Amino acid sequence: MALNMDVVEQTDLVGSLRKLANVEQPGLFDDSGGLEAALGGFRQKFENNALLRYADLFTLRFTVSGDDGKPHHYHDFKQVESHGTTITIKVLFNLLVLRSLLREDASKALLCEVPFFLDEIHSLDPVNRHAVLTTARKLGFIAITAAPESVSEVDALYFLQPQQGRIVLRHRHRIGVKPRPAQS
Numbered sequence: 068m069a070l071n072m073d074v075v076e077q078t079d080l081v082g083s084l085r086k087l088a089n090v091e092q093p094g095l096f097d098d099s100g101g102l103e104a105a106l107g108g109f110r111q112k113f114e115n116n117a118l119l120r121y122a123d124l125f126t127l128r129f130t131v132s133g134d135d136g137k138p139h140h141y142h143d144f145k146q147v148e149s150h151g152t153t154i155t156i157k158v159l160f161n162l163l164v165l166r167s168l169l170r171e172d173a174s175k176a177l178l179c180e181v182p183f184f185l186d187e188i189h190s191l192d193p194v195n196r197h198a199v200l201t202t203a204r205k206l207g208f209i210a211i212t213a214a215p216e217s218v219s220e221v222d223a224l225y226f227l228q229p230q231q232g233r234i235v236l237r238h239r240h241r242i243g244v245k246p247r248p249a250q251s
C-alpha cells in the first residue's frame with residue numbers, strides 16, 4: 068500500500084490572488100487598467116463572502132494505491148470507501164507531520180523514538196495494520212496499541228489483569244510475538 072498527499076490549488080481564488088500580486092504598480096501618468104481589472108475581479112470574488120480560509124484556497128488530495136497498484140484519489144475522508152483506510156491515512160499523515168518536527172543527527176537518523184497510542188487497532192484489516200505499524204517503526208515511532216483481542220502485527224502483547232484495582236505491567240508480563248516465516 069502506498070499513500071501520497073498533494074496540495075491542490077483552487078484555481079479561481081488562487082488565480083485571482085496571483086493576478087493581483089503580479090500586477091505592476093502603474094506610474095503616476097500610466098494607464099491603470101490592468102490594476103483596476105485585477106482589483107475589480109478580486110473585489111467581486113469577496114462581495115458575497117469576505118472571509119477567506121485555507122480550505123477555500125487549497126484542498127488536500129490523498130492518493131492510495133493498494134496491492135493491485137491501482138491508485139484511488141480522495142479529496143475528502145468521507146469519500147474513502149473503507150473505515151480502515153481512513154484511519155490508516157489519518158495516522159500516517161499525523162506521523163509524517165510529527166516526524167518532520169523531530170530533530171535528526173547529521174546522518175538523518177532520529178535522536179529519539181517517540182511512542183504514540185493507537186486504540187482499537189483490531190478494527191483495521193491486517194494489511195492496514197501492517198502498513199501503519201511498519202511505517203511507524205521506519206519513521207521512529209513506537210506504537211502502543213489497545214484492542215479487546217490480540218493482533219499478530221505487534222512485537223509484544225500484554226494481557227491486562229487488574230489486581231486489587233490496579234494494573235501493573237512488568238517485563239515478565241510481556242509475550243513476544245514473532246512473525247511466521249513466509250510459506251513457499
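If you're matching positions, the sequence shown starts at 68 in our numbering and goes up one per residue.
Positions of the beta carbon are idealized from the N, C-alpha and C atoms, including for glycine.
None of the values given here were measured: they were computed from a predicted structure.
The ligand ZN heavy atom lying under 7 Å from the CB of residue i
i: ALA223; result: As far as ligands go, the structure on display features none, and thus does not contain the ligand ZN.
Residue range of the unbroken alpha helix (DSSP H) whose run includes residue i
i: LEU265; result: Shown here, the chain extends from 68 to 251; a query on residue 265 therefore has no answer.
i: VAL194; result: 193-206
i: ASP123; result: 121-124
i: LEU185; result: Segment 181-186 is the beta strand (DSSP E) holding LEU185; no alpha helix (DSSP H) there.
i: LEU162; result: 150-168
Under 8 Å between C-beta atoms of residue i and residue j
i: ALA198; j: THR155; result: yes
i: VAL181; j: PHE208; result: yes
i: ARG196; j: GLU220; result: yes
i: PHE125; j: MET72; result: no
i: LEU106; j: LEU87; result: yes
i: LEU13; j: GLU187; result: This structure cannot settle anything about residue 13, because the visible part of the chain is limited to 68 through 251.
i: VAL74; j: LEU127; result: yes
i: THR202; j: LEU159; result: yes
i: VAL131; j: HIS139; result: yes
i: ALA214; j: HIS189; result: yes
i: ASP134; j: GLN77; result: no
i: LEU206; j: LEU162; result: yes
DSSP beta-bridge partners of residue i
i: ASN71; result: THR130
i: PRO138; result: SER132
i: ARG233; result: GLN230
i: ALA213; result: ASP186
i: LEU177; result: GLU171
i: GLY243; result: ALA223
Residue i, enclosing beta strand (DSSP E) - first and last residue
i: VAL221; result: No beta strand (DSSP E) holds VAL221; DSSP gives it neither H nor E.
Residue i burial status per 10 Å Cβ neighbour count (16 or more: buried)
i: ALA210; result: buried
i: ILE234; result: exposed
i: LEU191; result: buried
i: LEU236; result: exposed
i: LEU227; result: exposed
Q) Taking three-plus beta-carbon pairs below 8 Å as touching, is the segment 166-176 in contact with the segment 99-118? A) no
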